[in-house]
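First the structure, in the form of structure tokens, and then the observations on it.
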Amino acid sequence: MFTSVLMIEKALTSADVEFVTTLHGDESVAFHVLLQPRGDQADRLLRAIDDVALGELDEAVRERETPEGEAAKGMGERALEVSLQALRASGSEAEGRLIEDHPLDALKALVEEIGADEVIVLTDPHYVEEFFHRDWASRARHKVGVPVLKLFSHSKA
Numbered sequence: 008m009f010t011s012v013l014m015i016e017k018a019l020t021s022a023d024v025e026f027v028t029t030l031h032g033d034e035s036v037a038f039h040v041l042l043q044p045r046g047d048q049a050d051r052l053l054r055a056i057d058d059v060a061l062g063e064l065d066e067a068v069r070e071r072e073t074p075e076g077e078a079a080k081g082m083g084e085r086a087l088e089v090s091l092q093a094l095r096a097s098g099s100e101a102e103g104r105l106i107e108d109h110p111l112d113a114l115k116a117l118v119e120e121i122g123a124d125e126v127i128v129l130t131d132p133h134y135v136e137e138f139f140h141r142d143w144a145s146r147a148r149h150k151v152g153v154p155v156l157k158l159f160s161h162s163k164a
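Numbered according to the numbering used here, the sequence shown terminates at residue 164, and the numbering increases by one at each position without gaps.
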């Protein structure tokens, strides 16, 4: 069985689930999902810049309304549970957890703990972070010791 660590920032859509569960053809895959709820105010600015870059001005204005930190934890737990259920419904094994601090440290520890074959980072585009190679996938490639695949979410959840 192929073992993938899947890093996400929101609930998986049905298109996302289909995409990640078909990456390896007919080979069965066990997913270990890590979800980090929204970050702090600095993250809010980067998200707003990304929204503007995508032409989503209404989204940029609403960024301050999005729960962050502790307020986002409940939403994160629900998003994780929805994602795990969807992966299981597709026939894959899936377990997961929320991560609150140092997502790359948690990722590295999990990869080592389970002997993962790969890491899949599935997020919305983060142009500012990607340009400066500060996004999860770019940073993980130097830290985890297994292949890291960067994918963009198919739609807004």
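The beta carbon of each residue, even a glycine, is placed where N, CA and C say it ideally should be.
For residue i, the residue or residues it bridges with in DSSP
i	result
Phe165	Outside the displayed span of the chain (8 to 164) sits residue 165, for which this structure offers no information.
Phe159	Thr130
Leu87	DSSP output for Leu87 lists no bridge partner at all.
Glu25	DSSP, once it has assigned bridges, lists no residue as partnering Glu25.
Which listed residue (the options) has its alpha carbon closest to that of residue i
i	options	result
Arg104	His39, Asp23, Ser11 and His31	His39
Ser4	His161, Val128 and Ser160	The requested residue 4 is not part of the displayed model; the chain covers only 8 to 164.
Gly152	Ala86, Glu119, Ser11 and Met14	Glu119
Val36	His149, Val126 and Ile15	Val126
Beta strand (DSSP E) segment containing residue i, residue limits
i	result
Glu100	Glu100 to Leu105
Glu16	Taken as a continuous stretch (DSSP letters only), Glu16 belongs to no beta strand (DSSP E), as it is neither H nor E.
Collapsed DSSP secondary structure at residue i in the structure displayed
i	result
Ala67	The predicted position of Ala67 is uncertain, since its pLDDT is 49 and thus under 50; no value can be drawn from it.
Leu30	coil
Residue span of the alpha helix (DSSP H) that contains residue i, given as start and end
i	result
Pro110	Pro110 to Ile121
Ser97	No alpha helix (DSSP H) holds Ser97; DSSP gives it neither H nor E.
Arg146	Trp143 to Ala147
Open item on the list: Whether or not the segment 13-22 and the segment 89-99 are in contact is what I'm after, with contact meaning three or more pairs of Cβ atoms, one per stretch, closer than 8 Å; do they touch?
Closed with: yes
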